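For the record, in the sequence shown the residue sitting at position 32 is 722 according to the numbering used here, with numbers rising by one throughout.
To keep things clear, I will list the structure first and then write my remarks on it.
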Amino acid sequence: MEIIDGKKISAQVKQELADEIAAFVTEGKKIPHLVAVLVGNDGASETYVASKVKACQAVGMKSSELRYGDDITEEQLLAVIDKLNENPDVDGFIVQLPLPKHISEEKVLNRIHPDKDVDGFHPCNVGRMVLGLPTYLPATPAGIVELLTRYNIPTEGKHCVVVGRSNIVGTPMAVLMSRKAKNANCTVTLCHSRTANLKDITLQADILIVAIGVPHFLKEDMVKEGAVVVDVGIHRIPSETAKNGWKLVGDVDYDHVAPKCSYITPVPGGVGPMTIVTLLQNTIKACKAKH
691 MEIIDGKKIS AQVKQELADE IAAFVTEGKK IPHLVAVLVG NDGASETYVA
741 SKVKACQAVG MKSSELRYGD DITEEQLLAV IDKLNENPDV DGFIVQLPLP
791 KHISEEKVLN RIHPDKDVDG FHPCNVGRMV LGLPTYLPAT PAGIVELLTR
841 YNIPTEGKHC VVVGRSNIVG TPMAVLMSRK AKNANCTVTL CHSRTANLKD
891 ITLQADILIV AIGVPHFLKE DMVKEGAVVV DVGIHRIPSE TAKNGWKLVG
941 DVDYDHVAPK CSYITPVPGG VGPMTIVTLL QNTIKACKAK H
């Protein structure tokens with residue numbers, strides 16, 4: 691069993707991006723600028739945004755953070771997005787989800803101009819992804835493909851089972867793994883909470899990507915020997931042994947599943963770091979497209 695080390699791979703990618711941005715500086719080109727919009731005080735969202743800002747600084751990229759209280763109206767937030775769309779210095783921006791209940795996530799995501807949608811959530815960019823056209827890929831699925839690629843894990847002709855059908859991870863993941871492309875060409879089964887005989891299907895998986903949002907959902911009896919397991923989940927659960935009273939776990943029952951795997955991602959330190967570097971890659975791509 692080999693651990694897929696997302697921290698190590700993300701550090702490699704960050705160094706490559708830092709070299710690329712250093713070349714921009716030398717050549718007098720524009721420095722890519724990423725803006726993160728944060729509404730409310732969701733703890734996980736604040737952590738994610740802080741990580742993104744720190745990653746930008748690490749590679750020499752410009753980053754800005756716009757914070758608003760959860761009392762901001764939908765109209766006010768849409769006006770913020772309009773300003774960012776029109777600002778020529780902003781190459782890409784994200785609106786951190788989830789949003790307060792009185793704001794439509796669909797309206798907000800659709801308002802972001804596709805050329806600045808570095809999260810890859812706009813229907814235009816989703817459509818381009820499905821058609822295999824150049825676009826900004828959703829960060830988590832693209833980060834997973836990067837991990838599989840850099841670990842030289844064979845995908846062609848393999849049975850890839852994706853558990854979870856969210857628009858952010860599961861559905862785009864299924865699309866990317868089934869595409870006629872290098873590091874894809876899988877036969878894909880997309881499972882979810884209503885799938886009958888789920889265990890029968892996961893036992894067939896050569897590559898198993900779990901993004902169901904339930905702590906320790908995937909047990910050892912659901913995984914065949916030698917499978918590659920990618921755990922997208924991240925949850926805080928109480929822990930009597932941890933000093934702060936909690937620990938981070940994924941959707942996979944790691945301690946029991948790992949011995950059966952050929953490769954597995956840990957939580958934390960697996961998929962998470964890759965999500966952030968993919969966002970940086972998308973922002974650089976957005977900057978190069980305009981300048």
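The C-beta atom is built at its ideal place from N, Cα and C for all residues, glycine as well.
Just so we're clear, the structure is a prediction, and the values are computed from it rather than from any experiment.
In this structure, DSSP gives isoleucine 802 a state outside helix and strand, which the three-state scheme calls coil.
Residue environment for methionine 964: buried (at least 16 other C-beta atoms within 10 angstroms of its C-beta). In this structure aspartate 911 is exposed. Its beta-carbon is surrounded by fewer than 16 other beta-carbon atoms within 10 angstroms. Beta-bridge analysis with DSSP links leucine 898 to Val851 and Val919. Listed in chain order, the alpha helix (DSSP H) runs fully inside the stretch 717 to 767 are 733 to 749, counting runs of at least 4 residues. Spanning the alpha carbons of isoleucine 927 and lysine 937 requires a straight line of approximately 6 Å. Apart from the 5 residues on each side of it in sequence, proline 905 sits with its Cβ closer than 8 Å to the Cβ of Gly923, His925, Ile927, Val939, Gly940 and Asp941 in its chain, given in chain order.
DSSP places threonine 879 in the uninterrupted beta strand (DSSP E) bounded by 877 to 881. For the pair valine 853 and lysine 950, the Cα-to-Cα distance works out to about 18 Å. Remark: C-beta atoms of valine 918 and threonine 879 do not approach each other more closely than 8 Å. Taken atom to atom, the span from the alpha-carbon of aspartate 761 to that of lysine 773 is near 19 Å. Glutamine 705 and phenylalanine 907 have their C-alpha atoms roughly 35 Å apart. Note that the stretch 809 to 818 does not touch the stretch 889 to 901; fewer than 3 beta-carbon pairs, one per stretch, sit closer than 8 Å.
Cβ contact annotation for arginine 855 (same chain, cutoff 7 Å, sequence separation greater than five): Thr861, Leu880 and His882, in chain order. Per DSSP, proline 862 lies in no beta strand (DSSP E) segment; the continuous alpha helix (DSSP H) that holds it begins and ends at 860 to 868.
Contact between the stretch 696 to 716 and the stretch 752 to 771 is absent: fewer than 3 CB-CB pairs across the two stretches fall below 8 Å. When DSSP assignments are scanned along the stretch 814 to 845, the uninterrupted stretches of alpha helix (DSSP H) that are 4 or more residues long and fall wholly within it turn out to be 829 to 840. Annotation for glycine 782: the continuous beta strand (DSSP E) segment containing it runs 782 to 785.
In the DSSP assignment, glutamate 692 is bridged to Tyr953. For valine 939, there is no enclosing alpha helix (DSSP H); the residue is found in the beta strand (DSSP E) stretching over 936 to 939.
About 6 Å separates the Cβ atoms of proline 831 and valine 859, confirming a contact at the 8 Å cut-off.
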